Structure formats: structure tokens, C-alpha cells
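Q: Numbering (my numbering), first residue to last: 82 to 231. Ideal Cβ positions, reconstructed from N, Cα and C, are used throughout, including at glycine. Everything numeric in this text was worked out from a predicted model, so none of it was measured. Next up is a structure, given as C-alpha cells.
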Ligand SMILES: [Zn+2]
């Protein structure tokens, strides 16, 4: 599969039968956090909000929903019956997506990221693309030349 340039293209490249599910996932994530940033990261649809929020990807036999720790671990009881790893849950590629569960997990991650931000000193920043850095100047990863300007 060629590298998609954005999430729209990723979905368009996906098998016909799962495109509707991916659109639902995308719409659900955006409905929870309207200000979320969307891009392709590691070849997968990526969403950022005060840091990493969630990724998803079509695999051969499931749709992977990736949420950085400790969210999956915290929702073990909700995830009985699903294949999970420390940072992923395998959603069914056939049949209905458990949207209530997806919402719960994404909301938990939103809260986690907001809490983490609140605990950080004020000089700690996260740019619109999700890079974390210290200081009041523009993000040094997005603007590597900034420091050289005299
Ligand atoms: Zn940046």
C-alpha cells in the first residue's frame, strides 16, 4: 500500500468493507475533541491533543486502536473479551465497532493528557503538532532554524 498523505487518503486506500468503520472512528474522535490535530504518523491516522491522543490502523484481521499507556491497563475490566497490549486494543474488523467503549477510552486519554499538562511547569509547552518542549520560543522541532536567527 502506498504511503497515504492524509487520513482521508488512508481511509480511501482501506478495503471497502472497513472504510465506513474508519470514518466512524474518525468522526467519533473529532466529536470528543473538536480541536484535535489529525495527521499520518508511522503510516497510521494519528490524533493529537495536549500530546499523543490516539492512533488507529487497519490490520489483516482487526482494526488496531492505539492509546498510549496507562489507559488500556486502567480499563482492563471494560476490555475483557478483547485482545489487548499495553497500548492497543484489537477492534473487530467484521461486525459493529464498540463505539461506547472507544469513546470511553479516548475520553480517558483526553483527561490523562489534560492532567499531565496541568502538572507541568508553565514553561513546558506542547506545539500544535504534539512536540513537547521547554521555553517560550516556537517549537524547536517544527522550527529548527529558529535558534540560528540572530
Ligand atoms: Zn512542533
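1. Expressed to the nearest angstrom, what Euclidean distance is found between the alpha-carbon atoms of residue 209 and residue 192?
2. How about the region 140 to 152 and the region 206 to 225: do they share at least three Cβ pairs that are nearer than 8 angstroms?
3. Taking the alpha carbon of residue 112 as the reference point, which residue from 99, 194, 130 has its own alpha carbon closest?
4. I'd like the list of long-range same chain contacts for residue 138, defined as Cβ closer than 6 angstroms, with 5 residues on each side in sequence excluded.
5. In angstroms with no decimal places, state the Cα-to-Cα distance between residue 88 and residue 133.
6. Have a look at residue 184 and residue 198 and give me their C-alpha separation to the nearest angstrom.
7. So, residue 135 versus residue 148, is the Cβ gap smaller than 7 angstroms?
8. With C-beta atoms as the reference, is residue 102 less than 7 angstroms away from residue 160?
9. Among residues of its own chain, excluding the 5 on either side of residue 195, which ones have a beta-carbon nearer than 8 angstroms to its beta-carbon?
10. Count the other C-beta atoms from every protein chain shown that fall within 10 angstroms of the C-beta of residue 222, then say buried if there are 16 or more, exposed otherwise.
11. Check the C-beta distance from residue 128 over to residue 110 and give it rounded, since I have them as a contact under 8 angstroms.
12. Just verifying my parser: in three-state terms, what is the DSSP assignment at residue 128?
13. Determine the DSSP secondary structure at residue 106, reduced to helix, strand or coil.
A: According to the structure data:
1. By one-based count along the chain shown, residue 209 stands at place 128. By one-based count along the chain shown, residue 192 stands at place 111. Their backbone Cα atoms lie some 18 angstroms apart in a straight line.
2. no
3. Position 31 of the chain shown, counted from the first residue, corresponds to residue 112. With distances taken between Cα atoms, residue 112 lies closest to 130.
4. Sequence index remark: in the chain shown, residue 138 carries index 57 (1-based). Once the five neighbours on either side are set aside, the close Cβ partners of residue 138 are 125, 145.
5. Your numbering for residue 88 matches position 7 in the chain shown. Your numbering for residue 133 matches position 52 in the chain shown. The alpha-carbon atoms of residue 88 and residue 133 are separated by roughly 16 angstroms.
6. Working through the chain shown from its first residue, we reach residue 184 at position 103. Working through the chain shown from its first residue, we reach residue 198 at position 117. Spanning the two alpha carbons is a distance of roughly 21 angstroms.
7. Within the chain shown, the letter at position 54 stands for residue 135. Within the chain shown, the letter at position 67 stands for residue 148. The answer is yes: Cβ separation under 7 angstroms.
8. Residue mapping note: residue 102 aligns to position 21 of the chain shown, counting from 1. Residue mapping note: residue 160 aligns to position 79 of the chain shown, counting from 1. No.
9. Counted from its first residue, the chain shown places residue 195 at position 114. Here the set comprises 131.
10. Counting from one through the chain shown, the residue named residue 222 turns up at place 141. Result: exposed.
11. Your numbering for residue 128 matches position 47 in the chain shown. Your numbering for residue 110 matches position 29 in the chain shown. 5 angstroms between Cβ atoms; contact.
12. Translated into positions along the chain shown, residue 128 becomes position 47. In the structure shown, residue 128 sits in a strand (DSSP, three-state: E or B).
13. Working through the chain shown from its first residue, we reach residue 106 at position 25. Here residue 106 sits in helix by DSSP.
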